[in-house]
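J.:
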Amino acid sequence: MDHKRIKLDGQSKMSFRKRGEVLGGPNPRIPNAVPGRGGAPVTAPGIPGRAPLGPNVPGRVPPPRDISGTPLPPRGAGINPLKRTGMEPDLLANQVQNLSVEEIVKHPGVRPSSITSQATISTGSADLDKILGHQGLPVGSSYLLEESGTTDFSSVLMKSFASQGIVQNRLDPKNPNTHVIVLSSNQAWGKELPGVYKGSSRDIKRNRVIQNEQKLSVQNLLDTGDAPKPRASSSSNSEKKDNDLRIAWRYGLNDPKKQQATPLDNETYKDFNHQFDITSRLVPSPNANEITYIPLGTSFKPVIKQLETTIQRHKTKIIRLVIPSFLNPSMYPPPLATSQEALQFVHSLRSLTRKYSKTLAIAMSIPLELYPRDSLLIKQIESLSDAVFNLEPFNQEMLKFLEKAYQNQPTKVQHGLVHVYKVPHLSEKGQMLIMKSEFAFKNGKKKFEIEEWGIPVEDEGEPQQTTQNIDF
Numbered sequence: 001m002d003h004k005r006i007k008l009d010g011q012s013k014m015s016f017r018k019r020g021e022v023l024g025g026p027n028p029r030i031p032n033a034v035p036g037r038g039g040a041p042v043t044a045p046g047i048p049g050r051a052p053l054g055p056n057v058p059g060r061v062p063p064p065r066d067i068s069g070t071p072l073p074p075r076g077a078g079i080n081p082l083k084r085t086g087m088e089p090d091l092l093a094n095q096v097q098n099l100s101v102e103e104i105v106k107h108p109g110v111r112p113s114s115i116t117s118q119a120t121i122s123t124g125s126a127d128l129d130k131i132l133g134h135q136g137l138p139v140g141s142s143y144l145l146e147e148s149g150t151t152d153f154s155s156v157l158m159k160s161f162a163s164q165g166i167v168q169n170r171l172d173p174k175n176p177n178t179h180v181i182v183l184s185s186n187q188a189w190g191k192e193l194p195g196v197y198k199g200s201s202r203d204i205k206r207n208r209v210i211q212n213e214q215k216l217s218v219q220n221l222l223d224t225g226d227a228p229k230p231r232a233s234s235s236s237n238s239e240k241k242d243n244d245l246r247i248a249w250r251y252g253l254n255d256p257k258k259q260q261a262t263p264l265d266n267e268t269y270k271d272f273n274h275q276f277d278i279t280s281r282l283v284p285s286p287n288a289n290e291i292t293y294i295p296l297g298t299s300f301k302p303v304i305k306q307l308e309t310t311i312q313r314h315k316t317k318i319i320r321l322v323i324p325s326f327l328n329p330s331m332y333p334p335p336l337a338t339s340q341e342a343l344q345f346v347h348s349l350r351s352l353t354r355k356y357s358k359t360l361a362i363a364m365s366i367p368l369e370l371y372p373r374d375s376l377l378i379k380q381i382e383s384l385s386d387a388v389f390n391l392e393p394f395n396q397e398m399l400k401f402l403e404k405a406y407q408n409q410p411t412k413v414q415h416g417l418v419h420v421y422k423v424p425h426l427s428e429k430g431q432m433l434i435m436k437s438e439f440a441f442k443n444g445k446k447k448f449e450i451e452e453w454g455i456p457v458e459d460e461g462e463p464q465q466t467t468q469n470i471d472f
């Protein structure tokens, strides 16, 4: 049995605890017990300001009360949430807007990525969209286009990127959905944007005839009368089918690579991507409501402020930011061409893409003739970009070889190689994917194309038979 000793009149005496009696429980021997604790009865009135120890819901703490017993308001009530988070009102409102942009789903130039289901826009080149893996450039990311040599093929892709946004913005004049920002002081840059490719002259005539046939006229009604038509025989049908197959094989119409786009994609996302004619111009030229030019000064800080102001002004639209010929001395003053200024600017651009991850996409080109790819500056810029491509034009000897190899097919002559160093994937560092010398580009008469690269075989002409080389 448990026992304890107590002192009575200076003498020690043994005391025994009854079975079932709780130690420290209600004890009449302790006269000055605190009400509500220890030996005081549970029904005794508690100290003012303390919660009673009556029967409560298990696991639930009673609400706090003041000295008079009135329940206190919840913690944090009446406090301004903007002060509590330390955010400015416009910044918090902008974050809420970025998280709940419903217009993006209805945007005709946005489709879900085939890999991550992210909102994706077209770069203006269907071939480049396929190489990116997402069938386009994910919104909230950037791609860097490097170019070796002294050529300017990258400007074609930069202008196609901008033209794609202008064309989509004009689909519904009442509801503009895209805005283009160009980091350049050249106000005439937008007047050089390519127009939509309408096909060859033969295709244009064929489409015109089809449109005229579809129009309601007396001649069309007479041509489409209910007069019985002779039924074609099975032999004629088979001959026509064989002829169609022969034509399809001749022109590569059954090539599976050319039929990758499913009819469902063509119907659902018919305005996602357009083919542009580099020999024509976009008419009418983009106005101030469609494109914004940001001039360059002696510092990038006002440029970033003006960029964010423009994005805020068009916060319900898809923003396409184009930076052509980054760090080109003809456009950028010497104070901006330093490594410190350039890296800070690229860091700011990356933070903008993360802040406006539902509306902003960036396309930037840089010449490698002045800034080699193995330099620290280019390596840092590549690490801060989500996708990196490199255009390497062929030298004169290679071009002469290709022109000789494709003497009878001049449209197959490529102008350079496309190297893929980084594509946007599931992480910010991109996918561990490098494809060098696997693709080639050609700047044709009408469009810019990227295709798989293969060294052509030069066929030697058959020797002419004469009487001198005949063996008897």
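Here the sequence shown is numbered in full-length UniProt numbering, starting from 1 and rising by one per residue. Each residue gets a CB set at the ideal place from its N, CA and C atoms; glycine is no exception.
Looking at the unbroken alpha helix (DSSP H) that takes in I304, where does it start and where does it end?
T.: Element bounds for I304: K301 to R313.
J.: Nearest by alpha-carbon distance to T151: which of L368, I291 and K446 is it?
T.: It is L368 whose Cα lies nearest to the Cα of T151.
J.: With DSSP as the reference, label G454 as helix, strand or coil.
T.: Residue state, collapsed to three classes: coil.
J.: Nearest CA to the CA of T298: which residue from Y332, T310, N273 and M435?
T.: With distances taken between Cα atoms, T298 lies closest to Y332.
J.: Count the other C-beta atoms from every protein chain shown that fall within 10 angstroms of the C-beta of I366, then say buried if there are 16 or more, exposed otherwise.
T.: Buried.
J.: Please check the pair Q187 and Y293, which I expect to be a contact at CB under 8 Å, by giving their CB distance rounded to whole angstroms.
T.: Contact flag correct, Cβ pair sits at about 6 Å.
J.: Report yes if the C-beta distance between S141 and D374 is below 8 Å; otherwise report no.
T.: The answer is no: Cβ separation not under 8 Å.
J.: Nearest-angstrom Cα distance between V388 and T411?
T.: Spanning the two alpha carbons is a distance of roughly 27 Å.
J.: Within this structure, are the beta carbons of I181 and L352 separated by less than 8 Å?
T.: Going by C-beta atoms, I181 is not nearer than 8 Å to L352.
J.: Please tell me whether, using a cut-off of 7 Å, the distance from the CB of A387 to the nearest non-hydrogen atom of the ligand NAD is below it.
T.: Looking at this structure, you won't find the ligand NAD or any other ligand, since it has none at all.
J.: Exposed or buried, S100, counting other C-beta atoms within 10 Å across all chains shown (16 or more means buried)?
T.: Note that S100 has pLDDT 45, beneath the 50 cutoff, so the model's placement of it is unreliable and the number below is only indicative. So S100 counts as exposed.
J.: Can you tell me whether DSSP reads G124 as helix, strand or coil?
T.: Reduced to three states, the DSSP call for G124 is coil.
J.: State whether the region 111-123 contacts the region 334-347, with contact taken as three or more CB pairs (one from each stretch) at a distance under 8 Å.
T.: Output reads no: the region 334-347 does not touch the region 111-123.
J.: In terms of residues, what are the limits of the alpha helix (DSSP H) holding S117?
T.: Taken as a continuous stretch (DSSP letters only), S117 belongs to no alpha helix (DSSP H), as it is neither H nor E.
J.: Quick check for students: name the residue ranges of the alpha helix (DSSP H) that lie wholly in the region 395-425, counting only runs of 4 or more.
T.: Counting only runs of 4 or more, we get 396-405.
J.: Taking W189 as the reference, which of N169, K442 and L282 has the closest Cα?
T.: Per the Cα distances, L282.
J.: Would you say K442 and H419 are within 8 Å of each other, going by their C-beta atoms?
T.: Cβ distance not < 8 Å, so K442 and H419 don't count as in contact.
J.: I'd like to check one pair, E308 with H179: are the Cβ atoms closer than 8 Å?
T.: Taking 8 Å as the Cβ cut-off, H179 and E308 do not qualify as a contacting pair.
J.: Can the beta-carbon of F448 be found closer than 8 Å to that of S125?
T.: Yes.
J.: Compare the beta carbon distance of A288 and F161 with 8 Å and say whether it is the shorter of the two.
T.: No, these two residues do not count as a Cβ contact at 8 Å.
J.: Verify whether the separation of the beta carbon atoms of P343 and E146 is less than 8 Å.
T.: The sequence given here places Leu at residue 343; Pro does not occur at that position. The answer is no: Cβ separation not under 8 Å.
J.: In angstroms with no decimal places, state the Cα-to-Cα distance between W453 and V413.
T.: Spanning the two alpha carbons is a distance of roughly 11 Å.
J.: When you compare the CB positions of D277 and V196, do they come within less than 8 Å of one another, or not?
T.: Contact flag set, yes.
J.: Given this structure, state the Cα-to-Cα distance separating N328 from P372, to the nearest angstrom.
T.: Each residue's alpha carbon lies about 13 Å from the other.
J.: At which residue ranges does the region 138-173 contain complete beta strand (DSSP E) runs of 3 or more residues, listed in the order of the chain?
T.: DSSP runs (the beta strand (DSSP E)) wholly in the region 138-173: 142-147.
J.: For M331, which beta-bridge partners are listed by DSSP?
T.: In DSSP, M331 forms no bridge with anything.
J.: Select from L417, H425 and I455 the residue whose C-alpha is nearest the C-alpha of F439.
T.: Comparing Cα positions, the closest option is L417.
J.: I'd like to check one pair, F272 with S122: are the Cβ atoms closer than 8 Å?
T.: Yes, Cβ-Cβ distance for S122 and F272 is below 8 Å.
J.: Roughly how many whole angstroms lie between the Cα atoms of S383 and Y406?
T.: Distance between the alpha carbons of S383 and Y406: 39 Å.
J.: Work out the CA separation of L433 and I131 for me, nearest whole Å.
T.: Near 11 Å, if we compare the C-alpha coordinates of L433 and I131.
J.: Is T279 near K445, with beta carbons less than 8 Å apart?
T.: In contact: T279 and K445 (Cβ atoms closer than 8 Å).
J.: Could you check what DSSP says for R320 in three-state terms: helix, strand or coil?
T.: Residue state, collapsed to three classes: strand.
J.: Helix, strand or coil for S383? Go by DSSP, reduced to three states.
T.: Three-state result, S383: helix.
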